[in-house]
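For the sequence shown, the numbering used here assigns the number 9 to the initial residue and increments by one for each residue that follows.
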Amino acid sequence: MKKHLVWILLIGSINLTHAQMKFVKGQERSMQQILAEAKAKKQIIFVDVFTTWCGPCKWMDEHTFADARVSEKFNKQFINFKVDGDTSEGQVVRSLYKVGAYPTYLFIAPEGKVLHRIEGVMPPQVFMDEADFAVKRAKEN
């Protein structure tokens, strides 16, 4: 019985790991490094500017970013960068992109131009629709 429980827990944790968005964290790399990577890969950057004390930020982590459809789409289409607005790197991002509310989501072209900006909480499908809008704007430019 214990062996079965261990296998169930192991399989469940693998599925949870698979459904996670892959973020580069602000303490791991700088915005300038992310921009350089995006330029080299010709890929759009998705930036999640959050704070540790922000309830809506936590809700998005637990619900929208944990959704398998969202993580699959974002992991495939974007370089995902998550930065705490209260850190030194977060202050750089806040200043550079005029962030004044949490959570703020930025879709940034490889050259550094903001393609789309959204704020607040939204369910997975609405969030994916916003991402599609950003991709469409990138193609128009």
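From the three backbone atoms N, C-alpha and C, an ideal C-beta is built for every residue, glycine too.
For the pair I87 and I53, the CB atoms are nearer than the 9 Å cut-off. If you check the CB distance, K30 and S79 come in under 9 Å. Straight across, the Cα-Cα distance linking D56 with G93 is about 9 Å. Beyond the five residues adjoining it in sequence on each side, V107 comes within less than 7 Å, by CB distance, of V57, G93, V101 in the same chain, given in chain order. Taking the Cβ atoms as the reference, H124 lies roughly 15 Å from A109, outside the contact range of under 8 Å. Taking a C-beta distance under 9 Å as the contact criterion, Q51 and A139 do not qualify as a contact pair.
Closest in alpha carbon position to M39, among K147, D137, S103, is S103. Per DSSP, reduced to three states, the secondary structure at V57 is strand.
When W61, F89, S96 are compared, the shortest CA-CA separation from Y113 is found for F89.
Looking from the CA of D137, the closest CA among V32, E148, T60, F115 belongs to F115. For Y110, the three-state secondary structure derived from DSSP is coil.
Taking K33 as the centre and dropping the five residues before and after it, the same chain places the C-beta of K90 closer than 7 Å to its C-beta, in chain order. Rounded to the nearest angstrom, the gap between the Cα atoms of S96 and K47 is 23 Å.
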